[in-house]
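Visitor:
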Amino acid sequence: MADHPDERPSAVDLSVPNIARMNDYLLGGKDNFAADREAAEALLAIAPEVKKMAVENRGFLGRVVRYLGEQGVRQFIDVAAGLPTQRNTHEVARSQVADAHVVYVDSDPVVLSHARAILVDSPATAVLDGDILHPEHIVEECKANGWLDFDRPIAVVIFAALQFIPHSDDPFKSIACLRDALPSGSYLGLSHVVFDDRPDTIDPIEDIYRAMLDRPGEHAARTRDQVLPFFDGFELVEPGLVHIRDWRPDGPIGTRARDGIWMAGGVGRKP
Numbered sequence: 011m012a013d014h015p016d017e018r019p020s021a022v023d024l025s026v027p028n029i030a031r032m033n034d035y036l037l038g039g040k041d042n043f044a045a046d047r048e049a050a051e052a053l054l055a056i057a058p059e060v061k062k063m064a065v066e067n068r069g070f071l072g073r074v075v076r077y078l079g080e081q082g083v084r085q086f087i088d089v090a091a092g093l094p095t096q097r098n099t100h101e102v103a104r105s106q107v108a109d110a111h112v113v114y115v116d117s118d119p120v121v122l123s124h125a126r127a128i129l130v131d132s133p134a135t136a137v138l139d140g141d142i143l144h145p146e147h148i149v150e151e152c153k154a155n156g157w158l159d160f161d162r163p164i165a166v167v168i169f170a171a172l173q174f175i176p177h178s179d180d181p182f183k184s185i186a187c188l189r190d191a192l193p194s195g196s197y198l199g200l201s202h203v204v205f206d207d208r209p210d211t212i213d214p215i216e217d218i219y220r221a222m223l224d225r226p227g228e229h230a231a232r233t234r235d236q237v238l239p240f241f242d243g244f245e246l247v248e249p250g251l252v253h254i255r256d257w258r259p260d261g262p263i264g265t266r267a268r269d270g271i272w273m274a275g276g277v278g279r280k281p
């Protein structure tokens, strides 16, 4: 997005970088501003592999949604979906099932504006202003608007978003609340940056996000074992919570291909 006054959503502070727009920049998109690019470049200076991780996460999204479609899932809630790009959740889901229903949830005004403009002619897709820390709102709106049928399985997918929520906000409680509202046979799919292999990057990376979110002293970094409790109450499907490139890959993966992708992902089914 070019920095022209007529292209700036009124609720956006252009001096503050934004996670969704930073990710757009890392993916080679144009819906970002100077502050987003500057913050993204600061991340890349610490860990150049972050750009590759963003790309790999999109591939993981596609494999997860395809798998869920193969399991007969027809309803999806994509939380913190980010800016629309190629092969979004609704596109992948409908390549499996033409009548798949998708609710995108985000709180960023740029994301909401773009998503609503793109999806205006898609009656089976809805866009909701919300976030994972208010799961009751998500459930209430989905029910009140008739977007989803809570008597049938629903897949909640959260890709590379929980890693920004500090421990003090207890995102595990929010996921548990959403889980309890879902019917049996529903799924949770997520990816999360893990610092098992790169503990040296925790402090400098968290410094960037703490400044962006104006939350000094907060911590959100997690290891793979600390991410696992998000799946409490779910049965992990094979191969479990693993390196995202190892989760049902489309073809053989060499050892070198895994280097520099310190992100774990998995899918769990509610019994």
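Sequential numbering from 11 applies to the sequence shown in this note's numbering. Cβ atoms here follow ideal geometry from the backbone N, Cα and C, with glycine treated the same way.
1) Can you look up residue 51 in the DSSP assignment and give me helix, strand or coil?
2) So, helix, strand or coil for residue 118, using DSSP?
3) Based on the DSSP secondary-structure assignment, which residues constitute the bridge partners of residue 219?
4) Between which two residues does the alpha helix (DSSP H) carrying residue 224 extend?
5) In three-state DSSP terms, what is residue 276?
6) In three-state terms, what does DSSP make of residue 81?
7) Does the Cβ of residue 204 have 16 or more other Cβ atoms within 10 Å, making it buried, or fewer, making it exposed?
8) In the DSSP assignment, what are the bridge partners of residue 150?
9) With a cut-off of 8 angstroms on the beta carbons, I'd call residue 167 and residue 41 a contact; round off their distance for me.
10) Based on DSSP bridge pairs, tell me the residues matched to residue 168.
11) Determine the DSSP secondary structure at residue 66, reduced to helix, strand or coil.
12) Look up residue 138 in the DSSP assignment and give the residues it is bridged to.
13) Which residue comes first and which comes last in the alpha helix (DSSP H) that contains residue 181?
14) So, is residue 65 buried or exposed, given that buried needs 16 or more other C-beta atoms within 10 angstroms?
15) Would residue 242 pass as an interface residue toward chain B - the criterion being a Cβ-Cβ separation below 8 angstroms?
16) Going by alpha carbons, who is nearest to residue 200 out of 251, 103, 45 and 144?
17) Could you tell me which residues DSSP puts in a beta bridge with residue 253?
18) Between the Cα of residue 278 and those of 180, 44 and 245, spot the shortest distance and give me the residue it belongs to.
19) Give me the Cα-Cα distance between residue 143 and residue 180, rounded to the nearest whole angstrom.
20) Let me check understanding here. Comparing Cα to Cα, which of 52, 214, 118 and 236 lies closest to residue 226?
21) Where do the ends of the alpha helix (DSSP H) carrying residue 234 lie?
22) Give the single residue among 197, 150, 92 and 132 whose Cα lies nearest to the Cα of residue 74.
23) So for residue 88, helix, strand or coil by DSSP?
24) For residue 245, which of helix, strand or coil comes out of DSSP?
25) Could you give the first and the last residue of the continuous alpha helix (DSSP H) run that contains residue 103?
26) Inspect the CB distances between the region 143-158 and the region 187-197 and report whether three or more fall short of 8 angstroms.
27) Taking residue 30 as part of the alpha helix (DSSP H), name the residues at either end of that continuous run.
28) What three-state label does DSSP hand residue 72 in the structure shown?
29) Count the other CB atoms, across all protein chains shown, that sit within 10 Å of the CB of residue 88; report buried if there are 16 or more and exposed otherwise.
Guide: Looking at the coordinates:
1) helix
2) coil
3) None, per the DSSP bridge assignment.
4) Note, residue 224: premise wrong, no alpha helix (DSSP H); not H, not E.
5) strand
6) coil
7) buried
8) Looking at the DSSP assignment, residue 150 forms no beta bridge with any residue, so it has no partner.
9) Contact flag wrong, Cβ pair sits at about 21 angstroms.
10) 200
11) helix
12) 115
13) 181-191
14) exposed
15) Going by chain labels, chain B is absent from the structure shown, which holds only one protein chain.
16) 251
17) 274
18) 245
19) 8 angstroms
20) 214
21) 234-237
22) 197
23) strand
24) strand
25) 99-106
26) yes
27) 29-36
28) helix
29) buried
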